[in-house]
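Just so we're on the same page, our numbering is the position in the sequence shown counted from 1, plus 331.
Don't be surprised by glycine CBs; every beta carbon is placed ideally from N, CA and C.
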Amino acid sequence: INMGEEIKQWYQRRVRVSNSFIFQCSDGVFIDGKHNGVSGMFYKSCSEKHRLGPYMTCDTSWLKLSNLRNPLACGQIVNNGGSKNANVCYCEIDIDLRCVPLRQRSFIPNVLNSEPSSFLRLVVLVATKDINMGEEILSSYFSIV
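Structure representation (structure tokens):
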């Protein structure tokens with residue numbers, strides 16, 4: 332959502348305080364991974380705003396945590412294992428949307444809350460050791476690669 336500055340500041344103050352799903356990137360960009368409440372409504376609103384005709388420019392299936400279009404969009408439900416038990420770490424990447432075919436954008440689990448840009452920030456999980464089938468994915472909330 333291209334929010335006015337006043338609304339944007341209110342959202343950042345109000346939602347961040349009560350939201351453990353906010354991830355702050357190394358450059359200060361915030362990614363909100365909460366699927367419900369105000370966060371979910373903002374995400375849904377942004378997804379509709381940036382829709383290109385019949386094409387969705389992001390994945391909204393993760394908002395319901397069931398029937399995921401992209402099964403890799405699970406970062407918001409990874410628990411903290413601390414530095415000793417973590418088997419994944421976070422890696423910040425910016426993808427150039429000009430290189431992503433329009434029909435493939437519906438698999439991207441992020442959307443901008445501002446005017447469209449050619450780049451979109453993602454935080455991906457990278458395995459730091461072998462993860463066996465059925466093993467819980469755990470991160471250290473403070474690890475960024």
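Hey, is residue i's beta-carbon within less than 9 Å of any beta-carbon in chain B?
i      : result
Ile408 : No chain B is part of this structure, which consists of one protein chain only.
Which residue's Cα is closest to the Cα of residue i: the options?
i      : options                        : result
Leu394 : Arg436, Gln435, Lys380, Asn441 : Asn441
Val360 : Ser376, Asn416, Asn444, His381 : Asn444
Val446 : Arg382, Asn367, Gln355         : As written in the sequence, residue 446 is Glu, which differs from the Val given in the question. Residue Arg382 is the option with its Cα nearest to Glu446.
Val369 : Cys356, Ser357, Ser471, Phe352 : Phe352
Val455 : Gln435, Tyr472, Met464, Gly406 : Gly406
Gln355 : Ser449, Ile468, Leu453, Glu467 : Leu453
Cys430 : Leu451, Ile468, Gly412         : Leu451
Apart from the five residues just before and just after residue i, which ones in its own chain have a Cβ nearer than 8 Å to its Cβ?
i      : result
Val457 : Val419, Cys420, Tyr421, Cys422, Val476
Ser437 : Tyr386, Met387, Thr388, Cys389, Asp390, Arg400
Ser448 : Leu428
Thr459 : Ala417, Asn418, Val419, Cys420
Ile408 : Leu396
Leaving out the 5 sequence neighbours to the left and right, which residues in its chain are closer than 6 Å to residue i when beta-carbon positions are compared?
i      : result
Ser378 : Cys389, Thr391, Val442
Asn410 : Leu469
How close, in whole Å, do the beta carbons of residue i and residue j come, if the pair is a contact with beta carbons under 8 Å?
i      : j      : result
Ser492 : Ser414 : Residue 492 is absent from the structure shown; the chain starts at 332 and stops at 476.
Do you know offhand how far residue i's Cα is from residue j's?
i      : j      : result
Pro402 : Lys380 : 24 Å
Asn367 : Tyr374 : 9 Å
Met464 : Asp363 : 28 Å
At 3 residues or longer, and completely inside the segment 410-463: list those beta strand (DSSP E) runs for me, N to C.
419-427, 450-458
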